[in-house]
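Trainee: The opening residue of the sequence shown carries number 2 in this note's numbering; numbering runs sequentially from there.
Think of the CB as a built atom: it goes at the ideal place given N, C-alpha and C, for glycine as much as any other residue.
Please read these numbers as outputs of a predicted model, since none were measured by experiment.
Sharing a structure here in structure tokens format.
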Amino acid sequence: MELSGKNILVTGGAGFIGSHLVDQLLEEGCFVRVLDNLKNGKLENICHHDKKSNFEFFPGSVTDPFDVAQGMKNIDIVFHLACLGVRHSIKHPFENHRVNAEGTLLVLQEARKKRVAKFIHCSSSEVYGTAQYVPMPENHPTLPCTVYGAGKLAGEAYARAYHTTYGLNTVVIRPFNVYGPRSHHEGDAGEFIPKSIVRVLNDEPILVFGDGSQTRDFTYVEDTARGLVAAAESDDAIGHTLNIGSNFEISIKRLAERILENAGNSASWIQHSESRPGDVLRLFADSNIFLKMTNWQPAVSFEDGLVKTIHWFKARPEKASALFAQEAGVNW
Ligand SMILES: NC(=O)c1ccc[n+]([C@@H]2O[C@H](COP(=O)([O-])OP(=O)(O)OC[C@H]3O[C@@H](n4cnc5c(N)ncnc54)[C@H](O)[C@@H]3O)[C@@H](O)[C@H]2O)c1
2 MELSGKNILV TGGAGFIGSH LVDQLLEEGC FVRVLDNLKN GKLENICHHD KKSNFEFFPG
62 SVTDPFDVAQ GMKNIDIVFH LACLGVRHSI KHPFENHRVN AEGTLLVLQE ARKKRVAKFI
122 HCSSSEVYGT AQYVPMPENH PTLPCTVYGA GKLAGEAYAR AYHTTYGLNT VVIRPFNVYG
182 PRSHHEGDAG EFIPKSIVRV LNDEPILVFG DGSQTRDFTY VEDTARGLVA AAESDDAIGH
242 TLNIGSNFEI SIKRLAERIL ENAGNSASWI QHSESRPGDV LRLFADSNIF LKMTNWQPAV
302 SFEDGLVKTI HWFKARPEKA SALFAQEAGV NW
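This is the structure in structure tokens:
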């Protein structure tokens, strides 16, 4: 399906991945509406599109039927990314479930009512829990460790059910870990790479929770966003559940060392503390089905992506100390 000229709704489009997706969809010549309540999203991620006639920001929640109905008016394709994060789920399981699972059901129901042509559901590798074997194909058991992972699994199950029962053209994408500019360093949204960069820029130690042997498969955010676009373009992807990873596994300890090496600050160091409850120990994607179906390939190497991310944080208008003040250390 050609996306150019289509009317597209991106839920969570003011967030980290969503805002990069919005950039790419506008480049493709789409009309893009963002539905986001700015719980973790930021206007600064999308305000460079403010004056474009093919861009609209609709502040609202995916848990509010009125907002969802308004947001989906005249929409051809939905990219559903709105969510609350993994660490948020540890303290606030019910709120997390309401947005990630019930919110998804509400958005699916409205998409069915409005007969949208395609629904791309952004799930997560967290649905798998810790790898039982690697690399992990889509039929690897799904045994999530957190309410976040469980809620994302419910959301993707609803998306598949809407395909099977109501014929909605859904595609479920499971991105593995994503990093890059606009990633969150702050509060409970803070992820390991941005938090560590901010800490190093402030001569503070990188916090590694546990022994650091946990591994992840990281993809640069522009590549993940391109993957979501490719999923929408591919009619073969309809009805499928597909991994997007980089075929690159790295331990958190090694990653911390790479951040120290690349940030150019010898005053920082690595400090271990207690493991995070529900932390997944190993994630490494097998994305072969997606690669064959769409010809998608990650374009940015981890080395380059990490340097780009560090540069982005160094170029922030705020002082490094102001970013550090927003960083929560143990953030669950
Ligand atoms: N970042 C990763 O490493 C990663 C990995 C795998 C999957 N994902 C998935 O990608 C998607 C985007 O994640 P992200 O990393 O960009 O997170 P993010 O927090 O930056 O984006 C989520 C957006 O949803 C918005 N939101 C939250 N509650 C909402 C509500 N009730 N109504 C409307 N909007 C709401 C937030 O304000 C935010 O802008 C999510 O679905 C997430 O599960 C992320």
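State the Cα-Cα distance for the pair G14 and D24, rounded to the nearest angstrom.
Mentor: Here residue 14 corresponds to residue number 13 of the sequence shown, with the count starting at 1. Here residue 24 corresponds to residue number 23 of the sequence shown, with the count starting at 1. Whole-angstrom Cα-Cα distance: 10 Å.
Trainee: For T220, is the classification buried or exposed, using 16 other Cβ atoms within 10 angstroms of its Cβ as the cut-off for buried?
Mentor: The count along the sequence shown starts at 1 and reaches residue 220 at position 219. Burial call: buried.
Trainee: Could you tell me which uninterrupted beta strand (DSSP E) segments, each at least 3 residues in length, are contained entirely in the segment 98–138, listed from first to last along the chain?
Mentor: List check, beta strand (DSSP E) in window: 119–123.
Trainee: Between the beta-carbon of C31 and the beta-carbon of N46, is there less than 9 Å?
Mentor: Numbered from its first residue, the sequence shown carries residue 31 at position 30. Numbered from its first residue, the sequence shown carries residue 46 at position 45. Contact flag unset, no.
Trainee: Run through the DSSP bridge pairs and tell me what D37 is partnered with.
Mentor: As a first step, residue 37 must be located in the sequence shown, where it is residue number 36. The partner list for D37 (beta bridge, DSSP) reads P60.
Trainee: Give the range of the alpha helix (DSSP H) segment to which N289 is assigned.
Mentor: Looking up residue 289 in the sequence shown gives position 288. N289 -> alpha helix (DSSP H) spans 289–295.
Trainee: Could you pull the DSSP bridge partners for S276 from this structure?
Mentor: Taking the first residue of the sequence shown as 1, we reach residue 276 at position 275. Its beta-bridge partners do not exist; DSSP assigns none.
Trainee: Between R175 and ligand 1, is there a pair consisting of the residue's CB and a ligand heavy atom that are separated by less than 8 Å?
Mentor: Start at 1 with the first residue of the sequence shown, and residue 175 comes out as number 174. Yes, since a heavy atom of ligand 1 falls inside the 8 Å radius drawn around the Cβ of R175.
Trainee: If we ignore side chains and look at the alpha-carbon of each, how far apart do I239 and M294 end up?
Mentor: In the sequence shown, counting from the first residue as 1, residue 239 sits at position 238. In the sequence shown, counting from the first residue as 1, residue 294 sits at position 293. Each residue's alpha carbon lies about 11 Å from the other.
Trainee: Are the beta-carbon atoms belonging to L284 and A132 less than 9 Å from one another?
Mentor: Along the sequence shown, one-based indexing puts residue 284 at 283. Along the sequence shown, one-based indexing puts residue 132 at 131. Yes, Cβ-Cβ distance for L284 and A132 is below 9 Å.
Trainee: Consult DSSP for I76 and reduce its assignment to one of helix, strand or coil.
Mentor: By one-based count along the sequence shown, residue 76 stands at place 75. Residue state, collapsed to three classes: coil.
Trainee: Determine the direct distance from the alpha carbon of P176 to that of T310, and round the result to whole angstroms.
Mentor: As a position in the sequence shown, residue 310 is number 309, starting the count at 1. As a position in the sequence shown, residue 176 is number 175, starting the count at 1. Cα to Cα, the separation comes out at about 19 Å.
Trainee: Report yes if the C-beta distance between E187 and E328 is below 9 Å; otherwise report no.
Mentor: Indexing the sequence shown from 1 puts residue 187 at position 186. Indexing the sequence shown from 1 puts residue 328 at position 327. Yes.
Trainee: Give the straight-line distance between the Cα atoms of A160 and E139, rounded to the nearest whole angstrom.
Mentor: Locating residue 160 in the sequence shown gives position 159, counting from the first residue. Locating residue 139 in the sequence shown gives position 138, counting from the first residue. Using only the alpha carbons, I get a separation of about 16 Å.
Trainee: Between which residues of its own chain and I290 is the CB-CB distance below 8 Å, once the five residues before and five after are set aside?
Mentor: The count along the sequence shown starts at 1 and reaches residue 290 at position 289. So the list reads P138, E139, H241, L243, N244, once near-sequence residues are dropped.
Trainee: When the distance is taken between beta carbons, is L307 closer than 9 Å to I194?
Mentor: On the sequence shown, position 193 is the one that residue 194 refers to. On the sequence shown, position 306 is the one that residue 307 refers to. Yes, these two residues count as a Cβ contact at 9 Å.
Trainee: Between L85 and N55, which are expected to be in contact by the criterion C-beta below 8 Å, what is the C-beta distance as a whole number of angstroms?
Mentor: The count along the sequence shown starts at 1 and reaches residue 85 at position 84. The count along the sequence shown starts at 1 and reaches residue 55 at position 54. With 8 Å as the limit, L85 and N55 do not qualify as a contact, their Cβ atoms being about 29 Å apart.
Trainee: Do G181 and F17 have their C-beta atoms closer together than 9 Å?
Mentor: For the purposes of this step, residue 181 is taken as the residue at position 180 of the sequence shown. For the purposes of this step, residue 17 is taken as the residue at position 16 of the sequence shown. Against a cut-off of 9 Å, the Cβ pair of F17 and G181 comes out as a contact.
Trainee: Using only alpha-carbon positions, find the residue among N296, W333, E258, P278 that is nearest to C146.
Mentor: Sequence index remark: in the sequence shown, residue 146 carries index 145 (1-based). It is P278.
Trainee: My output table needs one value for L10: the three-state DSSP class, helix, strand or coil.
Mentor: On the sequence shown, position 9 is the one that residue 10 refers to. DSSP places L10 in strand when its eight states are reduced to three.
Trainee: Would you call the CB atoms of F210 and S302 closer than 9 Å?
Mentor: The sequence position of residue 210 within the sequence shown is 209, counting from 1. The sequence position of residue 302 within the sequence shown is 301, counting from 1. Cβ atoms of F210 and S302: not closer than 9 Å.
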